[in-house]
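Mind the numbering: the sequence shown is residues -18 to -1, 1 to 589 in mature numbering (1 follows the signal peptide of the UniProt record, and there is no 0), read in order.
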Amino acid sequence: MKRVIFIIILFFCYSAKAQNFRQNRQVVPDESSLAIQYYQEGDYDKAAVIFEKLFSSPNNEGYFDIYFNTLLKLKKYDVAEKIVRKQIRQSPQSEIYSIALGKLYQEKGDPNAANKIFTDVISKLPKDEFKIRMLANSFYRFENYEYAIQTFKQGRKLMNDDKAFTFELLNIYKFKKDKLMLMQEYLDILPSTPQLLPQAEAVLAILFEDKTDYQAFQAGILKKIQKEPDVEIYIQLLTWNYIQQQDYDMALRQLIAFDKRTKADGGTLFNAIYTFVDNSAYETAIKAYEYLLTKGKENQYYLPSKIEMLNTKYSIQTKGKYNIHDLELLAKDYQTLIDESGKNKNTLFAIKKLATLQSYYLNEPAKAEIALEDAIKIPGINALEIGQLKLDLGDIYILTNQPWEAFLVYEQVSKQFEGQAIGNEARYRSAKLSFYQGNFDYSNGQCLVLKAATSQLIANDALNLSLLISDNIQTPTDSSALKIYADAEMLVFMNLTAQAVKKLDSISLKYPQNSLADAILMSKARILIKSEDFEQAAVILKKLTDDFKDGIWTDDALFTLADLYEKKLNNIAEAKIYFQRLITDYPGSMFSAEARKRFRNLRGDGV
């Protein structure tokens, strides 16, 4: 509230100062700034002396607000009333001074007199949108938020428009943290203004404190649905409300009921499933896709549902500690889809997913190699898709112990797409391959070229790899330790994480004085995140950020840690701490802009 008052005061003082400088130059402009400083510091006596001088000058009504508030702070009610009544006589058509008089009565402890003035002013409102807004803003200026609300509501009656002044009312309710009225206002306006749905969800998510709030909102939504059962926006809102409570199955039940009741084609449900997936509610998503499949092959969402169901199963079964049998069944499902629909650009996604399963999970990289070599020849796929297929094929060549073939493929894509994102990615993969092989000089040379890449992520990765190499090849011992680290990274690439951890642990045993401690911690944290051991990953990342404040991985670690707390560990307070540390301590990091955006979002700025 203090912030709002200060902004209002600053605006009026700036206006008055500018007007004074133009029309009454004998007053020193700096006096206004000095008075404001006194006001901010709570030295109201000194502020009042200057504001009295400024306000008494001709054409300086702009100082009225802050001078009046200063007098109220000093409880000089007689002086305040004298200047208010003088202003009323001089400008009887301006309601602002009547409202100020009412504010004075409130401060003096006479609410009845104040309310009589406020009610009288509102009762005289004309059917004029501009004047309605002006009066409401006048109430707002003097912190009479309830009367600002009453003004807008009276304006709705006068304008015969229940949707008028919605944005103004939403802002006041949000400022007051009036959750019940905010809920009701959104429920009333959303059917006619569905584009407000993302804003409503963001605002309410910040204001709601516990499950009680969501249950209250749920009751309000259900009442609306009873009256208007076919309004889709209420179903979307109810779905979101259940999802916020992590009650995904209930959200799905409502969506299916709506789909059946309206005899819809499944479009609303299909689009909502992405929200389930984004929240890692994979089992619920699969149930939803299975329901859509019951609509039959003629339904437009049949094939997309089948495809997305496979992709969702892929997300489930490749996360954390996977089950080989489940992955084998999933591979068969992808193969069945390819067999039924043929090898074409529409099934390219399935070919690539199957190749990934075969290469990194089922120990069948030779099959994946053949599949991708054939996929490159599929008619109708564009050059960029072919380039990406070649990159994936290069990775598999590494797995099938054909590093030279991998190198040639990477170089081919790098030259074909010189300066483009995919070309830079190819060059970086070539640098990584050289790193795995212990060819550190060549790898570093490639990274130095990539530091100027337009892709910030590639440039950052290249810079980190370059620094890692240059910092750890100063002595034979450092180089030997780095070679073991490179071997461990190769095992991570091959998805042999348990072996990778053992290899990382062996470095300190063989070379106790090595300088790779922060890089080892970062690698272990990434392995733990992939296996979904988020708590232990956070412990390691904290150690990295505390012990290696000047390390090359520290800003990466801070961002990763904040991201874990926000998205995986549901600890917003900790997420804000680490985003803030990144912003403050590493302003030049490539992560700082995203960290600033995420921090502001968590804090509720601009919502």
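Cβ atoms here follow ideal geometry from the backbone N, Cα and C, with glycine treated the same way. Owing to the predicted nature of the structure, the values given are computational and were not obtained by experimental measurement.
Residue from L172, K525, N364, A233 with nearest C-alpha to L251: In the sequence shown, counting from the first residue as 1, residue 251 sits at position 269. Among L172, K525, N364, A233, the Cα nearest to that of L251 belongs to A233.
Given I511, which residues of its chain have a CB within under 6 Å of its CB, disregarding the five upstream and five downstream residues? Reading the sequence shown from its first residue, position 529 is the one you call residue 511. The residues are A519.
For L375, tell me which candidate among E214, A365, A348, G362 has the shortest Cα-Cα distance. Looking up residue 375 in the sequence shown gives position 393. For the residues E214, A365, A348, G362, the minimum Cα distance to L375 belongs to A348.
What residue does the alpha helix (DSSP H) around D315 start on, and which one ends it? Looking up residue 315 in the sequence shown gives position 333. 306 to 323 is the extent of the alpha helix (DSSP H) around D315.
Just to confirm before moving on: does the CB-CB distance between L354 and L309 stay below 9 Å? Taking the first residue of the sequence shown as position 1, residue 354 is located at position 372. Taking the first residue of the sequence shown as position 1, residue 309 is located at position 327. No.
According to DSSP, is S174 part of a helix, a strand, or is it coil? For the purposes of this step, residue 174 is taken as the residue at position 192 of the sequence shown. In this structure, S174 counts as coil in the three-state DSSP scheme.
Taking its Cβ as the centre, do 16 or more other Cβ atoms sit within 10 Å of T468, making it buried, or is it exposed? By one-based count along the sequence shown, residue 468 stands at place 486. Correcting the residue type first, residue 468 is Ala in the shown sequence and not Thr. It is buried - the Cβ of A468 has at least 16 other Cβ atoms within 10 Å.
Cβ-based burial, Y342 [other Cβ within 10 Å; buried from 16]: Locating residue 342 in the sequence shown gives position 360, where the first residue counts as 1. Result: buried.
Please give the ranges of any alpha helix (DSSP H) in the region 495 to 558, keeping only runs that are unbroken, at least 4 residues long and fully inside the region. Entirely contained in the region 495 to 558, the alpha helix (DSSP H) runs reaching 4 residues are, in chain order, 499 to 512, 516 to 529, 536 to 549.
With a CB to CB cut of under 7 Å and the five nearest residues on each side skipped, what residues in its chain are close to Y424? The residue you call residue 424 lines up with position 442 of the sequence shown. Once the five neighbours on either side are set aside, the close Cβ partners of Y424 are S416.
Short of 8 Å in beta carbon distance, which residues of its chain neighbour E576, apart from the five on each side in sequence? Order them along the chain. Along the sequence shown, read from residue 1 onward, the residue named residue 576 stands at position 594. The answer, listed in chain order, is F541.
Report yes if the C-beta distance between A544 and Y560 is below 9 Å; otherwise report no. Walking along the sequence shown from the start, residue 544 turns up at place 562. Walking along the sequence shown from the start, residue 560 turns up at place 578. Yes. Within cutoff.
Length of the line joining the Cα atoms of Q394 and G401: In the sequence shown, the residue the question calls residue 394 occupies position 412. In the sequence shown, the residue the question calls residue 401 occupies position 419. Roughly 13 Å separates the two Cα atoms.
I need the DSSP call for D143, collapsed to helix, strand or coil. Within the sequence shown, numbered from 1, the residue matching residue 143 stands at position 161. Three-state result, D143: coil.
Kindly give me the distance between the Cβ atoms of L274 and A254, rounded to whole angstroms, as I take these residues to be in contact under 8 Å. As a working note, residue 274 is residue 292 in the sequence shown. As a working note, residue 254 is residue 272 in the sequence shown. The pair is not a contact, with the Cβ atoms about 11 Å apart (cut-off 8 Å).
Looking at Y379 and E351, is the spacing between their C-beta atoms short of 9 Å? Taking the first residue of the sequence shown as 1, we reach residue 351 at position 369. Taking the first residue of the sequence shown as 1, we reach residue 379 at position 397. Going by C-beta atoms, E351 is nearer than 9 Å to Y379.
What do you get for V66, buried or exposed, if any count of 16 or more other CB atoms within 10 angstroms of its CB means buried? As a position in the sequence shown, residue 66 is number 84, starting the count at 1. It counts as buried.
State the DSSP-derived secondary structure class of A577, mapped to helix, strand or coil. Position 595 of the sequence shown, counted from the start, is the residue given in the question as residue 577. In the three-state reduction of the DSSP assignment, A577 falls in the helix class.
Please report the straight-line C-alpha distance between L445 and F422, rounded to a whole angstrom. Along the sequence shown, read from residue 1 onward, the residue named residue 445 stands at position 463. Along the sequence shown, read from residue 1 onward, the residue named residue 422 stands at position 440. Cα to Cα, L445 sits roughly 14 Å from F422.
Which whole runs of the alpha helix (DSSP H) in the region 73 to 124 are 4 residues long or more, in chain order? DSSP runs (the alpha helix (DSSP H)) wholly in the region 73 to 124: 77 to 90, 93 to 105, 111 to 123.
For the region 165 to 174 against the region 123 to 130, are there 3 or more C-beta pairs whose distance is under 8 Å? Output reads no: the region 123 to 130 does not touch the region 165 to 174.
Quick one: complete alpha helix (DSSP H) runs, 4+ long, within the region 409 to 477? The qualifying runs are 422 to 432, 438 to 453, 458 to 475.
What would DSSP say about S490, mapped onto helix, strand or coil? Stepping through the sequence shown from its first residue, residue 490 is reached at position 508. Secondary structure of S490 (DSSP, three-state): helix.
What does the Cβ neighbour count give for S73, buried or exposed, with the cut at 16 atoms within 10 Å? In the sequence shown, the residue the question calls residue 73 occupies position 91. An exposed status is given to S73, since fewer than 16 other beta-carbon atoms sit within 10 Å of its beta-carbon.
Taking 8 Å as the threshold, find out whether the region 550 to 557 comes into contact with the region 527 to 537 through three or more Cβ pairs. When Cβ pairs closer than 8 Å are counted between the two stretches, the region 550 to 557 is seen not to touch the region 527 to 537, the count staying below three.
How long is the line joining the alpha carbons of K414 and S452, rounded to whole angstroms? Counting from one through the sequence shown, the residue named residue 414 turns up at place 432. Counting from one through the sequence shown, the residue named residue 452 turns up at place 470. Distance between the alpha carbons of K414 and S452: 15 Å.
Separation of Q419 from W386, as counted between CA atoms: Mapped onto the sequence shown, residue 386 falls at position 404. Mapped onto the sequence shown, residue 419 falls at position 437. Their Cα atoms are separated by approximately 11 Å.
Report the three-state DSSP secondary structure of I207 (helix, strand or coil). Taking the sequence shown and counting its residues from 1, one reaches residue 207 at position 225. Judged by DSSP in its simplified three-state form, I207 adopts helix.
Can you give me the start and stop residues for the alpha helix (DSSP H) that I255 sits inside? By one-based count along the sequence shown, residue 255 stands at place 273. For I255, the enclosing alpha helix (DSSP H) starts and ends at 249 to 260.
Identify the continuous alpha helix (DSSP H) that holds N345 and give its terminal residues. Reading the sequence shown from its first residue, position 363 is the one you call residue 345. For N345, no alpha helix (DSSP H) run applies, since DSSP gives it neither H nor E.
Can you tell me where the alpha helix (DSSP H) with A182 in it begins and where it stops? The residue labelled residue 182 in the question sits at position 200 within the sequence shown. For A182, the enclosing alpha helix (DSSP H) begins and ends at 179 to 189.
Pick helix, strand or coil for L56, following the three-state DSSP scheme. If you number the sequence shown from 1, residue 56 lands on position 74. Coil at L56, not helix or strand.
If I measure Cβ to Cβ from R563 and keep anything under 7 Å in the same chain, skipping five residues before and after, which residues do I get? Here residue 563 corresponds to residue number 581 of the sequence shown, with the count starting at 1. So the qualifying residues of the chain are L540.
Along the chain, where does the alpha helix (DSSP H) that runs through F399 open and close? As a first step, residue 399 is located in the sequence shown; it is residue number 417 there, counting from the start. Run containing F399: none; DSSP gives neither H nor E here.
Since I believe Y230 is in contact with T266 (beta carbons under 8 Å), could you give me their beta-carbon distance rounded to a whole number of angstroms? In the sequence shown, residue 266 corresponds to position 284, counting from 1. In the sequence shown, residue 230 corresponds to position 248, counting from 1. Indeed, because the Cβ distance is near 4 Å, the residues count as touching under 8 Å.
How is S571 classed by DSSP in three states: helix, strand or coil? Locating residue 571 in the sequence shown gives position 589, where the first residue counts as 1. Looking at S571 - three-state DSSP - the assignment turns out to be coil, as it is neither helix nor strand.
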